[in-house]
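Residues in the sequence shown are numbered consecutively from 345, following our numbering.
Step one of this worksheet: look at the structure below.
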Amino acid sequence: MLSDSNDQTKLSRLEASLKEEVHQLRVQEAKLKATTESWSALVHLKDTLRAGFPEFGEPIDLNSPEAADLIDCNYLLVQNDIHTSRAFVDMKENYKKIKKILDRAQLIVDELAESDSENHVYSEMVKVLRGVDGLVEPRADWEILIKKLAALIAHAG
């Protein structure tokens, strides 16, 4: 009887850990979505800035309004490049965090499947996490994976 109680406690603890990992995954999903949208807007802004960039074929007077426009445009392009690079670095960090979260979730699900071999919900979670070829890096369909995993966890209880 004590073993059943310990097993149930262990299962509850593992399920809580898995729910926390899914929550962290959703947080990272939201951050990645926001960062990706920001990066995309910055890239579009750079294209817009370049289209409006004044062209000068001859040397210009540095005190002229044209020179001031040129300097302002260059400053905007440099600032845009800096922000675009930061957004890209943030996206890469989100992917790294997602990979770590999925790895931890995989370990928890493996342990759950081992602890409760009669419950096929956990083996389904293992299949979802591993995918066909195994989870090496976050994939293009990771958002679908998050939703499937959340649905399975909700079903499991």
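Think of the CB as a built atom: it goes at the ideal place given N, C-alpha and C, for glycine as much as any other residue.
Under 8 Å by Cβ, that's how I've got residue i and residue j pegged, so tell me the actual separation to the nearest angstrom.
| i | j | result |
| --- | --- | --- |
| L369 | I452 | In fact, because the Cβ distance is near 12 Å, the residues do not count as touching under 8 Å. |
| S459 | L386 | In fact, because the Cβ distance is near 47 Å, the residues do not count as touching under 8 Å. |
Which same chain residues end up closer than 7 Å to residue i when comparing Cβ atoms and leaving out the 5 residues on each side of it in sequence?
| i | result |
| --- | --- |
| E365 | I445, R448, A449 and I452 |
| F397 | C417 |
| S382 | A431 |
| L393 | C417, L420, L421 and N424 |
Go ahead and label residue i buried or exposed: buried means 16 or more other beta carbons lie within 10 angstroms of its beta carbon, across all protein chains shown.
| i | result |
| --- | --- |
| A378 | exposed |
| A431 | buried |
| L362 | buried |
| L456 | buried |
| L358 | buried |
Can you find the residues in the same chain that come closer than 8 Å, C-beta to C-beta, to residue i, ignoring five residues on each side of it along the sequence?
| i | result |
| --- | --- |
| I404 | E410, A411 and L414 |
| A438 | At residue 438 the sequence reads Asn, which differs from the Ala that was named. Counting only Cβ-Cβ distances below 8 Å, and skipping sequence neighbours, we find Q372, K375, L376 and T379. |
| K565 | Lying before the first or after the last residue shown, residue 565 is absent from the chain, which here runs from 345 to 501. |
| I407 | The sequence given here has Asn at residue 407, not Ile. Taken in chain order, the list of residues that qualify is empty. |
Tell me which residues share the same chain as residue i and place their Cβ nearer than 6 Å to its Cβ, disregarding the 5 neighbours each side in the sequence.
| i | result |
| --- | --- |
| D434 | T379 |
| S384 | none |
For chain D, find out if any of its Cβ atoms is closer than 7 Å to the Cβ of residue i; answer yes or no.
| i | result |
| --- | --- |
| K377 | The chain inventory of the structure shown lacks chain D, comprising one protein chain alone. |
- [ ] Let me know the beta strand (DSSP E) ranges lying completely inside the segment 354-416, each 3 residues or longer, listed in chain order.
- [x] Correct list: empty.
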